[in-house]
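Chemist: I'd like to ask you about the structure that follows.
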Amino acid sequence: MATANPKVIVTRKLPDIIETRMMELFDTTLNPTDEPLSQDQLIEAAQQADVLVPTLTDNIDARVLSQAGENLKLIANFGTGTDHIDVSAAQDQGITVTNTPGVLTEDTADFTMALILAVLRRMSEGTRVLRGGEWKGWAPTAMLGHRATGKRLGIVGMGRIGQAVARRARAFGMSIHYHNRNKVLPEVEEELEATYWQSLDQMLARMDIVSVNCPHTPATFHLLSARRLRLMQPNAYLINTARGEIVNEDALVAMLEAGQLAGVGLDVFEHEPAVNPKFLAMDNVVLLPHMGSATLEGRIDMGEKVIINIKTHADGHNPPDRVLEGLL
Ligand code: DGY
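Here my numbering is used: the first residue of the sequence shown is 662, the next is one more, and so on.
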């Protein structure tokens, strides 16, 4: 049953403007310390709330859900990815799950493009050299990277973010290739002059740069397996701004150690926030702490979506951003 003034529990600190509005609209409990909740604290929250507002740092698994209170009817996730929520268990218990799609597309695509350029042009290494006082001045053959123009970019996952990456990459003179469950609309393919590869294996073997932009689901876990990574050319680059679990990280480290890839740009990690220490010592790896969608504007838009989802649900309607297990 929808509740007019639902008890909403938010698990992490959100932008002030969003927290203020949530306090005005709902019976809201915030987390001003921003400390991630333990599993026991999550269970307690699920027992007390009508609506839980988690983020990707909360593991809402079947154990948490099985102990949720009868009143918990909505999990309004602050974020697009819902791989940290057992959506199917929630659905079985009659709990609606929503997310915040669309509003972080442009920010994540900007960030992906920045990582592509940073890796090609050795920006992380250049920063290290300069900050470490090692720079001896300009030299004709120093810090040579590679040109973006003319490179073949293979996008794994041609949803909203993949397409936004493709648009940017076109402007940099790259040719666009993609692998997706389905071909995108012909007009989108035409606009992006994009080539569809039904076989991921074949695409990987022919690209200069591969960008991972698909969601993490059981079907995409280690989609870039050791075998598939080995198909990439030794002068190719891999960029991941989606989820760490999509790439077999141990295999990636081994390939970098063996010089079988030119470079990697990672904003996400398989065991976040842990980062394989071997990456830290590699100059051809650009590492960033899952900040692809981290703009103030984006976070406010995400918060607005959360509010709209809660309000619509409280008013007895289907919230706009329902996540349906079968569609992931
Ligand atoms: C999301 O919303 O899933 C993003 O990964 C957050 O950056």
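C-beta: ideal position from N, C-alpha, C; glycine also.
#1: Out of curiosity, what's the CA-to-CA distance linking T718 and V748?
#2: Helix, strand or coil for H974, going by three-state DSSP, please let me know.
#3: Grouping DSSP H, G and I as helix and E and B as strand, with all else coil, what is Y839?
#4: Give a single yes or no on whether L675 has its beta carbon closer than 8 Å to a heavy atom of the ligand DGY.
#5: Using the beta-carbon count (16 or more within 10 Å), is K966 buried or exposed?
#6: Under the criterion of a Cβ to heavy atom distance below 8 Å, does R888 qualify as lining the ligand DGY?
#7: Under the three-state reduction of DSSP, which class applies to K966: helix, strand or coil?
#8: What's the call for N760, buried or exposed, on a 16-neighbour Cβ count within 10 Å?
#9: For the beta strand (DSSP E) containing I736, list its first residue and its last residue.
#10: Taking 8 Å as the line, does the beta carbon of S954 fall inside it for any heavy atom of the ligand DGY?
#11: Assuming L885 contacts I870 (C-beta within less than 8 Å), just tell me the rounded distance between them.
#12: Short of 8 Å in beta carbon distance, which residues of its chain neighbour L989, apart from the five on each side in sequence? Order them along the chain.
#13: Starting from R808, follow the alpha helix (DSSP H) in both directions and report where the run begins and ends.
#14: Using DSSP with H/G/I as helix, E/B as strand and the rest coil, what is L989?
#15: Any idea if L865 is buried or exposed, counting beta-carbon neighbours within 10 angstroms, 16 or more meaning buried?
#16: Given that a residue counts as buried once 16 or more other Cβ atoms are within 10 Å of its Cβ, and exposed if not, what is I678?
#17: Let me check you understand the geometry: is the CB of R724 closer than 8 Å to at least one non-hydrogen atom of the ligand DGY?
#18: Would you say T618 touches the ligand DGY, meaning its beta carbon is less than 8 Å from a heavy atom?
#19: Would you kindly work out how many angstroms separate the C-alpha atoms of R821 and M963, rounded to a whole number?
#20: From which residue to which residue does the alpha helix (DSSP H) around S749 run?
#21: Could you give the distance in angstroms between the alpha-carbon of G806 and the alpha-carbon of M819?
#22: Which same chain residues end up closer than 8 Å to A779 when comparing Cβ atoms and leaving out the 5 residues on each side of it in sequence?
Modeler: A quick look at the data gives this:
#1: By 1-based counting over the sequence shown, the position of residue 718 is 57. By 1-based counting over the sequence shown, the position of residue 748 is 87. Each residue's Cα considered, the two are about 16 Å apart.
#2: By 1-based counting over the sequence shown, the position of residue 974 is 313. It is helical.
#3: As a working note, residue 839 is residue 178 in the sequence shown. It is a strand residue.
#4: Locating residue 675 in the sequence shown gives position 14, counting from the first residue. L675 Cβ: outside cutoff for every heavy atom of the ligand DGY.
#5: The residue given as residue 966 occupies position 305 in the sequence shown. K966 comes out buried.
#6: The residue given as residue 888 occupies position 227 in the sequence shown. No, since every heavy atom of the ligand DGY falls outside the 8 Å radius drawn around the Cβ of R888.
#7: Position 305 of the sequence shown, counted from the first residue, corresponds to residue 966. Residue state, collapsed to three classes: helix.
#8: Within the sequence shown, numbered from 1, the residue matching residue 760 stands at position 99. That one is buried.
#9: For the purposes of this step, residue 736 is identified with residue 75 of the sequence shown, where counting begins at 1. Here the beta strand (DSSP E) through I736 covers 735–737.
#10: As a first step, residue 954 must be located in the sequence shown, where it is residue number 293. Yes - the ligand DGY has a heavy atom lying nearer than 8 Å to the Cβ of S954.
#11: Here residue 885 refers to the residue found at position 224 of the sequence shown. Here residue 870 refers to the residue found at position 209 of the sequence shown. Going by Cβ atoms, the distance from L885 to I870 rounds to 14 Å, so no, they are not a contact pair.
#12: Along the sequence shown, read from residue 1 onward, the residue named residue 989 stands at position 328. With a pLDDT of 47 at L989, under the threshold of 50, the predicted position of this residue should be treated as unreliable, though the coordinate-derived value follows. Cβ neighbours of L989 beyond the five flanking positions: T743, V748, P876, T878.
#13: Here residue 808 corresponds to residue number 147 of the sequence shown, with the count starting at 1. No alpha helix (DSSP H) contains R808, which DSSP labels as neither H nor E.
#14: Translated into positions along the sequence shown, residue 989 becomes position 328. Its pLDDT being 47, under 50, L989 is placed unreliably by the model, and the measurement read from it follows with that caveat. Looking at L989 - three-state DSSP - the assignment turns out to be coil, as it is neither helix nor strand.
#15: In the sequence shown, residue 865 corresponds to position 204, counting from 1. The residue is buried, with at least 16 neighbouring Cβ atoms inside 10 Å.
#16: Taking the sequence shown and counting its residues from 1, the one referred to as residue 678 is at position 17. Answer is exposed; the Cβ neighbour count stays below 16.
#17: Taking the sequence shown and counting its residues from 1, one reaches residue 724 at position 63. It does not: the Cβ of R724 is nowhere closer than 8 Å to a heavy atom of the ligand DGY.
#18: Summary: the structure shown does not reach residue 618, with the chain confined to residues 662 through 989, and so no result is reported for it.
#19: In the sequence shown, residue 821 corresponds to position 160, counting from 1. In the sequence shown, residue 963 corresponds to position 302, counting from 1. Each residue's alpha carbon lies about 16 Å from the other.
#20: Walking along the sequence shown from the start, residue 749 turns up at place 88. Residues 748–753.
#21: Here residue 806 refers to the residue found at position 145 when the sequence shown is read from its first residue. Here residue 819 refers to the residue found at position 158 when the sequence shown is read from its first residue. Using only the alpha carbons, I get a separation of about 27 Å.
#22: The residue given as residue 779 occupies position 118 in the sequence shown. Excluding positions up to five away in sequence, the list reads S785, G926, V947.
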